[in-house]
Structures are given as structure tokens and as C-alpha cells.
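The structure appears right after this line, and notes come after that.
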Ligand code: G3H
Ligand code: 13P
Ligand code: ZN
């Protein structure tokens with residue numbers, strides 16, 4: 031049993047309380063490799079932004095769970111080396127799908143876990159989430175639950191349509207489970223294709239303009255759970271310039287579309303205090319690598335293409351922190 035406290039990590043409790051009161055959101059960035067982690071820590075250390083490092087089940091399989099855990103521990107030391115005196119870093123399991131997976135993360139030093147029972151019948155979601163909470167809370171580890179289903183790929187479950195969170199269920203769910211935060215569905219979804227072209231309109235340049243998020247559902251949830259931390263998954267904005275670069279240099283991402291940043295800014299000012307971003311990092315990395323490969327076909331030193339990829343991701347993370355979530359300067 032390793033306690034996250036011995037690794038210099040923190041749980042989400044205080045971080046979320048401050049974010050709700052301060053009208054900003056904490057970035058939750060997924061990582062699978064060293065360059066992503068370096069870029070996240072460089073951006074957060076420079077901006078003094080609290081951060082949630084997210085590890086998915088797939089990331090654990092890809093990069094090895096033990097290695098990822100040591101990388102997170104290393105991230106705290108690296109942050110200090112960069113001059114960030116009091117780094118506020120959470121290591122979080124993203125989309126945990128079983129009690130055993132959540133327990134294994136708690137036992138190996140994660141400070142926060144998500145149990146995603148959103149595809150289960152309501153009562154089973156309650157029972158599973160409660161079981162994880164009971165275990166995690168013994169070690170001061172915070173737990174995120176989820177109600178409502180996001181469209182697109184949610185773990186290995188394909189949800190063709192999204193089912194918005196039902197505001198009438200949230201009090202019962204939070205009370206019965208004791209979870210510390212709640213992920214909700216108000217129209218976001220995972221990946222780079224968040225809306226089908228037929229769900230969007232087109233602007234003068236022919237670019238897709240997605241439908242707005244269901245802020246009325248969010249407002250109803252906030253009214254039922256005043257001051258309770260709400261989480262938005264699937265919040266990449268799929269920057270058009272990255273998509274254009276990818277397509278220009280041989281990629282094929284037609285009609286990729288994300289959540290407009292003004293909507294995320296609006297959400298960050300509400301009870302939404304954790305905003306999940308993964309796809310934008312993948313796009314920033316891919317765009318930079320494709321560009322390098324196209325412009326320097328003789329290059330075969332990975333540092334020469336992963337370096338620019340890291341720089342581009344750092345730029346993206348910094349932009350999100352400063353211009354979208356407003357978390358800069360919140361962890362001095
Ligand atoms: O919500 C999903 C995250 O983007 C993680 O994706 O399961 O492919 O690692 P992944
Ligand atoms: P995006 O695919 O929009 O980046 O969402 C990531 C996410 O929700 C991770 O849990
Ligand atoms: Zn997610």
C-alpha cells in the first residue's frame with residue numbers, strides 16, 4: 031500500500047472547493063507518455079496552475095501502471111525543480127470501470143479515482159460507486175462518479191446518443207454514494223468528432239458550428255446541489271488550426287469538431303470545476319509531428335520530432351489554463 035501523500039500528491043477536495051468559490055476550473059489532462067507529462071508540468075509550473083493528471087485504463091495498458099505512477103511522482107519533483115514551490119498535483123484514474131481497478135489505483139498511490147458506472151442501470155451505478163467510495167475514503171482518496179451518458183466512445187461502450195444527466199437523480203445519487211464530484215452529460219462527448227455534421231450549422235467559411243451545450247440542465251443540477259463539484263468530460267475544443275495542419279501534411283480528419291472555448295469558459299465560471307482534455311493534446315502532438323516529417327523527411331532522431339510536439343502541447347496547455355479555465359496563479 032502506497033499513500034499518495036508520501037508521493038507529494040494531493041486529492042481533489044481543497045482544489046475543487048477553491049475552484050468553485052473562485053469561478054474557475056481545474057484542468058484534467060490525460061497523459062500516456064513522457065512528452066505529454068513534461069509539457070503539462072512545464073505549463074502548470076510556469077502558470078502556477080493546479081492540475082489533475084489523468085490515467086485511463088488504456089494508458090495503464092499502454093505505458094504500464096507502475097511506470098505511470100513513478101512518472102507522476104517524478105512530476106512533483108520536476109515541478110519543484112522548475113521553481114514551482116508548492117505544486118498542487120492530483121493523480122487520477124480516468125473512467126475506472128470496476129471496483130478492482132479503482133482499488134488497485136488507490137493501493138498504488140493515486141489520490142483520486144473515477145468510477146464510471148454511467149452505462150449501468152441506476153441502482154447498480156449507485157451500488158458500485160458507493161463501494162468504491164467506501165474503500166477510497168479510508169485512504170483519503172477522492173472519488174468522481176458519473177450520471178448520464180456521453181455520446182461517442184465511453185470506455186469500450188459505444189453510446190450512439192447522449193443521455194443528458196437527469197437533474198432529478200443527482201441528490202439521491204450523491205447522497206447514497208458519498209462521491210466527492212459528479213461527471214455529468216450536457217452535450218459534450220469524447221474524441222475529435224463530437225457532433226455529426228448534420229447536428230451543426232456552417233459559418234461563412236464553411237466550418238462546422240456545433241450546437242450549444244445544455245446549460246439549462248447544468249443550471250438545474252447546480253440548483254439541486256449547490257456548491258457540489260461538477261465535472262465535464264469530453265471538453266476538447268478540437269482547434270481548427272491543428273486539424274488543418276494535420277490535413278495539410280497528409281492526415282485525414284474531415285469535419286472534426288469540438289466544444290467552442292467560449293462555452294467552456296462559461297462552464298468554468300459555474301460549479302463545473304474539472305474540465306477533461308485529452309484529444310486536443312493528441313491533435314497538438316500529431317500536427318507537430320506530421321509537419322516535421324513533411325518538412326524534414328531526412329529526420330529520424332525522435333527528439334527532433336517529439337521536441338516540437340512537446341512545445342506545441344505546452345502551448346496548448348498554457349492557452350487552456352490562461353484563456354479558458356482561468357486556473358493560472360491558483361497554486362502559488
Ligand atoms: O475519456 C477517454 C480519454 O480520452 C482516454 O482515452 O481510453 O483512449 O486512453 P483512452
Ligand atoms: P476529449 O476527448 O474531449 O479530450 O475528452 C477527454 C476526456 O473526457 C477524458 O476523460
Ligand atoms: Zn472522459
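In the numbering used here, the protein residues as written are 31 to 362. Positions of the beta carbon are idealized from the N, C-alpha and C atoms, including for glycine.
From 136, 165, 358 and 287, residue whose alpha carbon lies closest to that of residue 122:
Against the chain shown, residue 122 aligns to sequence position 92. Ranking 136, 165, 358 and 287 by Cα distance to residue 122 puts 136 first.
Within the present structure, is the beta-carbon of residue 221 separated from the nearest heavy atom of the ligand 13P by less than 8 Å?
By one-based count along the chain shown, residue 221 stands at place 191. For the ligand 13P, at least one heavy atom lies less than 8 Å from the Cβ of residue 221.
Taking 8 Å as the cut-off, is the CB of residue 310 close to at least one heavy atom of the ligand ZN?
As a first step, residue 310 must be located in the chain shown, where it is residue number 280. Incorrect: residue 310 has no Cβ contact closer than 8 Å to the ligand ZN.
DSSP beta-bridge partners for residue 125?
Looking up residue 125 in the chain shown gives position 95. Residue 125 is not bridged to any residue.
Cutting at 6 Å between CB atoms, please list the residues of its own chain near residue 318, excluding the five before and the five after it.
Counting from one through the chain shown, the residue named residue 318 turns up at place 288. 338, 339 and 342.
Pop quiz: residue 321 and residue 279 are said to be a contact at Cβ under 8 Å. What is the actual Cβ separation, rounded to whole angstroms?
Counting from one through the chain shown, the residue named residue 321 turns up at place 291. Counting from one through the chain shown, the residue named residue 279 turns up at place 249. Their Cβ separation, rounded to whole angstroms, is 6 Å, which keeps residue 321 and residue 279 in contact under 8 Å.
Looking at C-alpha atoms only, which residue of 203, 324, 214 and 92 is the closest neighbour of residue 60?
Numbered from 1 along the chain shown, position 30 holds the residue referred to as residue 60. Out of 203, 324, 214 and 92, 92 has the C-alpha closest to the C-alpha of residue 60.
Paired residues, beta bridge with residue 60 - DSSP:
Walking along the chain shown from the start, residue 60 turns up at place 30. BP columns for residue 60 point to 84.
DSSP three-state assignment for residue 303, whether helix, strand or coil
Locating residue 303 in the chain shown gives position 273, where the first residue counts as 1. Reduced to three states, the DSSP call for residue 303 is strand.
How many angstroms separate the CA atom of residue 78 from the CA atom of residue 231?
Within the chain shown, the letter at position 48 stands for residue 78. Within the chain shown, the letter at position 201 stands for residue 231. Near 38 Å, if we compare the C-alpha coordinates of residue 231 and residue 78.
Just reading off the alpha helix (DSSP H) that residue 204 is part of, what are its end residues?
Here residue 204 corresponds to residue number 174 of the chain shown, with the count starting at 1. Counting along the chain, the alpha helix (DSSP H) containing residue 204 begins and ends at 197-207.
In chain order, what residues of the same chain have a beta carbon less than 7 Å from the beta carbon of residue 277, not counting five sequence neighbours either side?
Position 247 of the chain shown, counted from the first residue, corresponds to residue 277. 283, listed in sequence order.
Out of 141, 129 and 169, state which residue places its alpha-carbon closest to the alpha-carbon of residue 155.
Start at 1 with the first residue of the chain shown, and residue 155 comes out as number 125. Measuring from the Cα of residue 155, the nearest candidate turns out to be 129.
Taking Cβ to Cβ, would you say residue 34 is nearer than 9 Å to residue 171?
Taking the chain shown and counting its residues from 1, the one referred to as residue 34 is at position 4. Taking the chain shown and counting its residues from 1, the one referred to as residue 171 is at position 141. Contact flag set, yes.
Using CA atoms only, rank isn't needed, just tell me which of 194, 160, 237 and 240 is closest to residue 144.
Residue numbering aside, residue 144 sits at position 114 when the chain shown is read from its first letter. Checking every option, the nearest Cα to that of residue 144 belongs to 160.
Check for me: the alpha helix (DSSP H) holding residue 213 runs from which residue to which?
As a first step, residue 213 must be located in the chain shown, where it is residue number 183. From DSSP, residue 213 is part of no alpha helix (DSSP H) but of the beta strand (DSSP E) over 211-214.
Residue closest to residue 220, alpha-carbon to alpha-carbon, out of 266, 237, 46 and 194
As a working mapping, residue 220 is identified with position 190 in the chain shown. The candidate whose alpha carbon is nearest that of residue 220 is 266.
Name the residue from 251, 236 and 274 whose alpha carbon lies nearest to the alpha carbon of residue 214.
Here the question's residue 214 lines up with position 184 in the chain shown. Of 251, 236 and 274, the residue nearest in Cα terms is 251.
Counting Cβ pairs closer than 8 Å, one from the region 93-106 and one from the region 37-45, do we hit at least three?
yes
Under 9 Å, do residue 64 and residue 31 count as touching if we go by C-beta distance?
Translated into positions along the chain shown, residue 64 becomes position 34. Translated into positions along the chain shown, residue 31 becomes position 1. Going by C-beta atoms, residue 64 is not nearer than 9 Å to residue 31.
Compare the Cα-Cα distances from residue 285 to each of 273, 291, 296 and 293 and report the closest residue.
By 1-based counting over the chain shown, the position of residue 285 is 255. If we check each option's Cα against that of residue 285, 273 comes out closest.
From 169, 207, 138 and 124, pick the residue whose C-alpha is nearest to that of residue 153; which is it?
The residue given as residue 153 occupies position 123 in the chain shown. If we check each option's Cα against that of residue 153, 207 comes out closest.
What is the residue span of the beta strand (DSSP E) that residue 142 lies within?
Within the chain shown, the letter at position 112 stands for residue 142. 142-145 is the span of the beta strand (DSSP E), which, as asked, contains residue 142.
In this structure, how does DSSP classify residue 288 when only helix, strand and coil are distinguished?
Indexing the chain shown from 1 puts residue 288 at position 258. Residue 288: coil per DSSP, three-state reduction.
Going by the beta-carbon positions, is the gap between residue 85 and residue 132 smaller than 9 Å?
For the purposes of this step, residue 85 is taken as residue 55 along the chain shown, with counting starting at 1. For the purposes of this step, residue 132 is taken as residue 102 along the chain shown, with counting starting at 1. In this structure, residue 132 does not lie closer than 9 Å to residue 85 by Cβ.
Using beta-carbon positions only, say whether residue 47 and residue 82 come within less than 9 Å of one another.
Counting from 1 along the chain shown, the entry for residue 47 is found at position 17. Counting from 1 along the chain shown, the entry for residue 82 is found at position 52. The answer is no: Cβ separation not under 9 Å.
Using the Cβ count rule (16 or more neighbours within 10 Å means buried), how would you classify residue 140?
In the chain shown, the residue the question calls residue 140 occupies position 110. Residue 140 comes out buried.
Would you identify the three-state DSSP class for residue 181, choosing helix, strand or coil?
As a working mapping, residue 181 is identified with position 151 in the chain shown. Residue 181: strand per DSSP, three-state reduction.
Span of the alpha helix (DSSP H) holding residue 32?
On the chain shown, position 2 is the one that residue 32 refers to. Per DSSP, residue 32 belongs to no alpha helix (DSSP H) and is neither H nor E.
Less than 8 Å between the CB of residue 84 and some heavy atom of the ligand 13P, yes or no?
The count along the chain shown starts at 1 and reaches residue 84 at position 54. Residue 84: yes, Cβ under 8 Å from the ligand 13P.
When you compare each of 169, 44, 51 and 43 to residue 300 by their alpha carbons, which one comes out closest?
In the chain shown, the residue the question calls residue 300 occupies position 270. Out of 169, 44, 51 and 43, 51 has the C-alpha closest to the C-alpha of residue 300.
Per DSSP, which one or two residues make a beta bridge with residue 76?
Within the chain shown, residue 76 is the residue found at index 46, counting from 1. Residue 76 is not bridged to any residue.
Contact test: residue 124 Cβ vs the ligand ZN heavy atom, cutoff 8 Å
Taking the chain shown and counting its residues from 1, one reaches residue 124 at position 94. Residue 124: yes, Cβ under 8 Å from the ligand ZN.
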